[in-house]
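S.K.:
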Amino acid sequence: MASLSHVALTTEEVEALGKNLNQILEYVQKVKGEEGEVAHAHRNVMRADENPHEVGVWSKRLLNAASQTDGDHFASQTILKND
Amino acid sequence: MIDTNSLTIKEAQEGLGAGLYSTQDLWATYSAEAKEKNSDVFAYLELFERENSPKEGALKGMPLALKDNILFEGHRASASSKILEGYVAPYSATAVTKCLDAGAVFLGRTNMDEFAMGSSTENSAFGATKNPHDLARIPGGSSGGSAAAVAMGGAIAALGSDTGGSIRQPASHCGLIGLKPTYGAVSRYGLIAMGSSLDQIGPIAKNVEDTELLFNIIKGVDPFDSTSREQEKFAPKKNLTIGVPYSFFENAADEDVVALFKEKMKALEDAGHTIKSIELPVLSDALAAYYIIMPAEASTNLARFDGIRYGLSKEGKDVREAYENTRKEGFGSEVKRRILIGTYVLSAGYHDEFYGAATRYRASLTNELTKVFADIDIVATPTVPSPAYTFGEKQDPLSVYLEDIFTVPANLSGIPALSVPMGTVTRTQSQLPVGIQFMAGHDNEAVLFSAGFAVENSF
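As they're listed, the protein sequences go chains A and B.
Going by this note's numbering, 216 is the number at position 67 of the first sequence; the sequence numbering is gapless.
Going by this note's numbering, 278 is the number at position 290 of the second sequence; the sequence numbering is gapless.
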């Protein structure tokens, strides 16, 4: 689960969280088997694509929060390899 | 001249109007009180320096506290997590902008459970806030810092956020009023997301009048939050019909809390309101459904903390390992636990069994509550099963989750709910406040305030 969640855990955390997780999952199983329909009361709300802000006005502020940047871009290690 | 423990917004406005003090005096007094009390209570993670003169408006010069998951441009925001180390908000939340435009000034950012995950502030990465009524006890959470800041006289009122009770429960533990508005009533633009179908920003204040004033200022449609919407208008009511689902809470709450609740119901009945015993068996599974839906949404929302765009960043041999190491170092245990639960209930093979079932339950809960509010104005319960507990008293997470048992139905169904102090109970020689919770139909905050005023008048 930790791998699927992209969270590295220590051995102690695996033991502690594992024990509690079973207890919690057992509790929430109360709703298992719930039948009926899901009401689709939700609706999509689209925002008109108008009055855009000037290109780049937010860039500096947003990039300031990043640990690494490359010019006007966020920088990270390689995500896709070009094999 | 300024008693920060009891001063309300209305009284402060009158004091300013009469020339008894200036907005600068208000700031200086509250700021000094907050600094002094904070060394014991630790309500604030950071106290701000005074900035520009306040604008003209309904909140002119009112010193407010701000939960650390609500962005205020140019100020740090951490959601009490190490993973947002060094993060400075590049813009302000709409609720913050609205308060500033109305003349409010923010004293500082308040402590909370990390990413709003908890009911005690014990999950803050920076240490727990203490309850001003008894420093050995929790202030509630996750907006525990906001509630404690007001209760210790370190702010005239505060903004918090409520995903499953995070405004109402600390308000109850600290003897204050707390409002969880109708879903969509207040913009969440600039709120660090936890459970996006549940989160709402709301006020914590010393009386119902201030709570209503703050709500009216922060509510409204915001083009930057497409879940915000115009509310249907309801009028306040003089004679309320209040439904009480005794079988839902009688065995789950402490005896003296139930006794106090019944006393308060009797006082409301004597004041001319109608009290009806109702059955709402659907409520019994709300907590289970909440602890499926909330972690599912939280695990999704927290995927954005990748060490690349903001906050803490740890190295790894590749991008995946860097991502995992950042989250290992940056997130605390409770956050990791909820990410794991969320990932589990959304994973292939378990999705329908857990998340699907919880979603179906949520629909039937909402339907049942809608039917109930066709006949009555309010559903009333205690806000919490027990008064504030001592630090370390609750070790296993499930016992802490049970703190939310009465508050989560309002979040799951999107209805508004208000916690109002109903008196105190005694624990180890401390008089500890407990709240009464009123829930109403969608958009009907007006009737909640009517009920809140009725309780205030009953003392």
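We treat Cβ as the ideally placed atom computed from N, Cα and C, and that holds for glycine.
Are three or more beta carbon pairs between the stretch 351 to 362 of chain B and the stretch 200 to 212 of chain A nearer than 8 Å?
M.R.: no
S.K.: Buried or exposed, going by whether 16 or more other CB atoms sit within 10 Å of the CB of Q172/A?
M.R.: Looking up residue 172/A in the first sequence gives position 23. Burial call: exposed.
S.K.: Just to confirm, is the Cβ distance from I144/B to I(-3)/B under 8 Å?
M.R.: Walking along the second sequence from the start, residue 144/B turns up at place 156. Walking along the second sequence from the start, residue -3/B turns up at place 9. Contact: yes.
S.K.: Taking Cβ positions only, does T160/A come closer than 8 Å to chain B?
M.R.: To locate residue 160/A, count along the first sequence from 1; it is residue 11. No, no contact with chain B.
S.K.: For S216/A and chain B, any beta-carbon pair shorter than 8 Å?
M.R.: Position 67 of the first sequence holds residue 216/A. Taking Cβ atoms only, chain B reaches closer than 8 Å to S216/A, which makes this a yes.
S.K.: Measure the Cβ-Cβ separation of G133/B and T109/B and say whether it is below 8 Å.
M.R.: Walking along the second sequence from the start, residue 133/B turns up at place 145. Walking along the second sequence from the start, residue 109/B turns up at place 121. Yes, the pair counts as a contact, with Cβ atoms nearer than the cut-off.
S.K.: Using a Cβ distance threshold of 8 Å, determine whether the stretch 159 to 170 of chain B contacts the stretch 178 to 185 of chain B, with at least three qualifying pairs required.
M.R.: no
S.K.: Taking the continuous beta strand (DSSP E) assigned at A368/B, which residues delimit it?
M.R.: As a working mapping, residue 368/B is identified with position 380 in the second sequence. Looking at the DSSP string, the run of the beta strand (DSSP E) that includes A368/B is I366 to P370.
S.K.: Flag H202/A as yes if its beta-carbon sits less than 8 Å from any beta-carbon of chain B, otherwise no.
M.R.: Along the first sequence, one-based indexing puts residue 202/A at 53. So no, H202/A is outside the interface.
S.K.: From the DSSP output, in three-state form, read off E220/B for me.
M.R.: Indexing the second sequence from 1 puts residue 220/B at position 232. Coil.
S.K.: Less than 6 Å between C-beta atoms, sequence neighbours within five positions excluded: which residues of the same chain meet that for D294/B?
M.R.: Residue numbering aside, residue 294/B sits at position 306 when the second sequence is read from its first letter. Result list for D294/B: Y311, in chain order.
S.K.: Rounded to the nearest angstrom, what separates N231/A and I296/B at their Cα positions?
M.R.: In the first sequence, residue 231/A corresponds to position 82, counting from 1. In the second sequence, residue 296/B corresponds to position 308, counting from 1. Spanning the two alpha carbons is a distance of roughly 21 Å.
S.K.: Cutting at 8 Å between CB atoms, please list the residues of its own chain near S225/A, excluding the five before and the five after it.
M.R.: Walking along the first sequence from the start, residue 225/A turns up at place 76. These residues qualify, in order along the chain: Q217.
S.K.: So with CB distances below 7 Å, who are the chain B contacts of G185/A?
M.R.: Within the first sequence, the letter at position 36 stands for residue 185/A. Those within 7 Å of G185/A in chain B are R348, A351 and S352.
S.K.: For S(-6)/B, which three-state DSSP category applies?
M.R.: As a first step, residue -6/B must be located in the second sequence, where it is residue number 6. S(-6)/B falls in the coil class under three-state DSSP.
S.K.: Please state whether DSSP places M50/B in a helix, a strand or coil.
M.R.: Looking up residue 50/B in the second sequence gives position 62. The answer is coil: DSSP assigns M50/B none of H, G, I, E or B.
S.K.: Can I206/B be considered in contact with the ligand FAD, in the sense that its beta carbon sits closer than 7 Å to one or more heavy atoms?
M.R.: With respect to small molecules bound, the structure shown includes none, and the ligand FAD cannot be examined in it.
S.K.: In the DSSP assignment, what residue or residues form a beta bridge with E34/B?
M.R.: Taking the second sequence and counting its residues from 1, the one referred to as residue 34/B is at position 46. E34/B is bridged to R97/B.
S.K.: So, helix, strand or coil for G208/B, using DSSP?
M.R.: Here residue 208/B refers to the residue found at position 220 of the second sequence. G208/B: coil per DSSP, three-state reduction.
S.K.: Who are the neighbours of V194/A on chain B, taking C-beta pairs under 7 Å?
M.R.: Along the first sequence, one-based indexing puts residue 194/A at 45. Those within 7 Å of V194/A in chain B are S214.
S.K.: Could you tell me which chain A residues have their CB closer than 8 Å to the CB of T331/B, listed as they occur along the chain?
M.R.: Position 343 of the second sequence holds residue 331/B. Per Cβ cutoff of 8 Å: M150, L153 and S154.
S.K.: Counting Cβ pairs, one atom from each stretch, are 3 or more of them under 8 Å apart for the stretch 422 to 429 of chain B and the stretch 345 to 353 of chain B?
M.R.: No contact exists between the stretch 422 to 429 of chain B and the stretch 345 to 353 of chain B.
S.K.: Using a Cβ-Cβ cut-off of 6 Å (strictly less than) and excluding sequence neighbours within five positions of S287/B, which residues of its own chain qualify?
M.R.: By one-based count along the second sequence, residue 287/B stands at place 299. Excluding residues within five positions, the ones whose Cβ falls inside 6 Å are I327, G330 and T331.
S.K.: Identify which residue in K118/B, A405/B, V435/B and L400/B has its Cα closest to the Cα of I185/B.
M.R.: Numbered from 1 along the second sequence, position 197 holds the residue referred to as residue 185/B. Strictly speaking, residue 185/B in this sequence is Ser, with Ile absent from that position. Closest by alpha carbon: L400/B.
S.K.: Does E285/B pass the burial test, meaning 16 or more other C-beta atoms within 10 Å, or should it be called exposed?
M.R.: Taking the first residue of the second sequence as position 1, residue 285/B is located at position 297. Buried.
S.K.: Compile a chain-ordered list of the residues in the stretch 168 to 183 of chain A whose CB is closer than 8 Å to at least one CB of chain B.
M.R.: N169, L170, Q172, I173, L174, Y176, V177, Q178, K179, V180, K181, G182 and E183
S.K.: Give me the chain A residues within the contact set of Y75/B, using Cβ-Cβ distance strictly less than 9 Å, ordered along the chain.
M.R.: In the second sequence, counting from the first residue as 1, residue 75/B sits at position 87. Within chain A, the residues near Y75/B are A214.
S.K.: Examine the Cβ distances between the stretch 63 to 77 of chain B and the stretch 97 to 105 of chain B and report whether three or more of them are shorter than 8 Å.
M.R.: yes
S.K.: May I have the straight-line CA-CA distance separating D198/A from G152/B, to the nearest angstrom?
M.R.: Position 49 of the first sequence, counted from the first residue, corresponds to residue 198/A. Position 164 of the second sequence, counted from the first residue, corresponds to residue 152/B. If I take the Cα positions, the gap works out to 34 Å.
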